[in-house]
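Remarks on the structure that follows.
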Amino acid sequence: MAGGTVTRFAPSPTGLLHLGHAFSAIVAARAGARFLLRIEDIDRDRCRPEYEAAILQDLSWLGLEWESPVLRQSDRMPAYMDALTRLADLTYPCRCRRGDIRAAMSAPQEGALPAGPDGLIYPGTCRGRDMREAAPDDVIRLDVARAFDALATGRIGFRDGGQDHVMTRAQFLSDIGDVILSRRGMGTSYHLAVVVDDAAQGVTLVTRGRDLFDSTFIHVLLQRLLDLPVPDYLHHRLIRDHEGRRLAKRDDARAIRAFRDQGAEPQDILRMVGL
Ligand code: GLU
39 MAGGTVTRFA
49 PSPTGLLHLG
59 HAFSAIVAAR
69 AGARFLLRIE
79 DIDRDRCRPE
89 YEAAILQDLS
99 WLGLEWESPV
109 LRQSDRMPAY
119 MDALTRLADL
129 TYPCRCRRGD
139 IRAAMSAPQE
149 GALPAGPDGL
159 IYPGTCRGRD
169 MREAAPDDVI
179 RLDVARAFDA
189 LATGRIGFRD
199 GGQDHVMTRA
209 QFLSDIGDVI
219 LSRRGMGTSY
229 HLAVVVDDAA
239 QGVTLVTRGR
249 DLFDSTFIHV
259 LLQRLLDLPV
269 PDYLHHRLIR
279 DHEGRRLAKR
289 DDARAIRAFR
299 DQGAEPQDIL
309 RMVGL
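Everything in the sequence shown is counted per the working numbering, starting at 39 for the first residue and increasing by one.
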């Protein structure tokens, strides 16, 4: 554990904590001299207070301790709004729905569309629209080409486990595209909220699953644009089921709760995730 390292675990209360989350939380707690918790509840349709309560109980049962107060993203809307305002010159309102994007990409068949960590690579139909034209049900996208120009750089990168990872402007444009900073009806997006909050909480080491590795390039771009420090990263292995699939919230059989009900002890959970 490095001296002043600040880590966090940031679950979304859209289901019960399962083995994959337990592993992620323990990795974060062990890596930090200070360990923080953040509830990522910006998706009001999918988040439930009873899941939040269950997650906190399961984390305590596992023996984890975190600092108070717990940050809740639903309390942080003004901070996200402020960040969006600061990026206004580099963003545009987008009215395209999924079907419009498919049509604009003239996809030959269903499912064959290029996608990245933020979903379909946006073909740019609304690029050039002015923020003053934004309608309440538009999403807000970052104009990535202009963002790189504003930074006067051709590449961005981060450190993971002591190794440098770099993405060029051209790769970002082709593999990720104009990311969404504010989703319909949400006022922010996962990417924007996570960046604003990691900085506000003073997180110096972001630990999370490898499934989010490509998203980290989005986060670093936003950190650079918002003049926020770029933390170190550690993308850990994923816990998989017997068929080798990554665990998902719907896998209730793998919920910590289900193991507890069957009489498992915290040590058993640690063993199950290979710790
Ligand atoms: N809230 C995200 C999740 O539950 C994790 C975000 C992160 O660690 O950056 O998958």
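Beta carbons are placed, not taken as given, at the ideal position from N, Cα and C, and that holds for glycine.
#1: Since residue 114 contacts residue 231 with CB under 8 Å, what's their CB separation in whole angstroms?
#2: Output the distance between the C-alpha atoms of residue 129 and residue 169, rounded to the nearest integer angstrom.
#3: So, does the region 269–277 touch the region 49–65, judging by three or more C-beta pairs under 8 Å?
#4: Does the distance between the C-beta of residue 155 and the nearest non-hydrogen atom of the ligand GLU fall short of 6 Å?
#5: Sort 46, 56, 52 and 48 by Cα distance to residue 310 and report the nearest one.
#6: Where DSSP assigns a beta bridge to residue 153, which residues make up the other side?
#7: Measuring CB to CB, does residue 81 end up less than 7 Å from residue 155?
#8: Hey, could you find the ends of the alpha helix (DSSP H) residue 58 is sitting in?
#9: Have a look at residue 294 and residue 96 and give me their C-alpha separation to the nearest angstrom.
#10: At the level of alpha carbons, what is the spacing between residue 308 and residue 201?
#11: Out of 93, 78, 89 and 124, point me to the one whose CA is closest to residue 110's CA.
#12: Under three-state DSSP, which class holds residue 135?
#13: Cα separation between residue 20 and residue 144?
#14: Cα separation between residue 199 and residue 171?
#15: Excluding the five sequence neighbours on either side, which residues of its own chain have a C-beta within less than 8 Å of the C-beta of residue 339, listed in chain order?
#16: Hey, how far is the Cα of residue 194 from the Cα of residue 268?
#17: Confirm, please, whether the CB-CB distance from residue 177 to residue 222 is below 7 Å.
A quick look at the data gives this:
#1: What you label residue 114 is simply residue 76 of the sequence shown in a count that begins at 1. What you label residue 231 is simply residue 193 of the sequence shown in a count that begins at 1. Correct: roughly 7 Å between the Cβ atoms.
#2: Here residue 129 refers to the residue found at position 91 when the sequence shown is read from its first residue. Here residue 169 refers to the residue found at position 131 when the sequence shown is read from its first residue. So the two alpha carbons sit approximately 7 Å from each other.
#3: By the criterion of at least three beta-carbon pairs nearer than 8 Å, the region 269–277 is in contact with the region 49–65.
#4: Locating residue 155 in the sequence shown gives position 117, where the first residue counts as 1. No, the Cβ of residue 155 stays beyond 6 Å of every heavy atom of the ligand GLU.
#5: Sequence index remark: in the sequence shown, residue 310 carries index 272 (1-based). If we check each option's Cα against that of residue 310, 56 comes out closest.
#6: As a working note, residue 153 is residue 115 in the sequence shown. BP columns for residue 153 point to 158.
#7: Residue 81 sits at position 43 when you count from the first residue of the sequence shown. Residue 155 sits at position 117 when you count from the first residue of the sequence shown. Pairing residue 81 with residue 155 gives a Cβ-Cβ distance that is not under 7 Å.
#8: For this step, residue 58 is matched to residue 20 along the sequence shown. In the DSSP assignment, residue 58 falls within the unbroken alpha helix (DSSP H) covering 57–69.
#9: Against the sequence shown, residue 294 aligns to sequence position 256. Against the sequence shown, residue 96 aligns to sequence position 58. Separation of residue 294 and residue 96 (C-alpha to C-alpha, rounded to the nearest whole angstrom) is 7 Å.
#10: By 1-based counting over the sequence shown, the position of residue 308 is 270. By 1-based counting over the sequence shown, the position of residue 201 is 163. Using only the alpha carbons, I get a separation of about 27 Å.
#11: Counting from one through the sequence shown, the residue named residue 110 turns up at place 72. Nearest to residue 110 by C-alpha distance, out of 93, 78, 89 and 124, is 78.
#12: Locating residue 135 in the sequence shown gives position 97, counting from the first residue. For residue 135, the three-state secondary structure derived from DSSP is coil.
#13: Any answer about residue 20 is impossible in this case: the structure gives the chain only from 39 up to 313.
#14: As a first step, residue 199 is located in the sequence shown; it is residue number 161 there, counting from the start. As a first step, residue 171 is located in the sequence shown; it is residue number 133 there, counting from the start. Straight-line spacing of the CA atoms in residue 199 and residue 171 works out to 44 Å.
#15: The first residue shown for the chain is 39 and the last is 313, placing residue 339 beyond what the model contains.
#16: Residue numbering aside, residue 194 sits at position 156 when the sequence shown is read from its first letter. Residue numbering aside, residue 268 sits at position 230 when the sequence shown is read from its first letter. For residue 194 and residue 268, the distance between alpha carbons rounds to 11 Å.
#17: The count along the sequence shown starts at 1 and reaches residue 222 at position 184. The count along the sequence shown starts at 1 and reaches residue 177 at position 139. Yes. Within cutoff.
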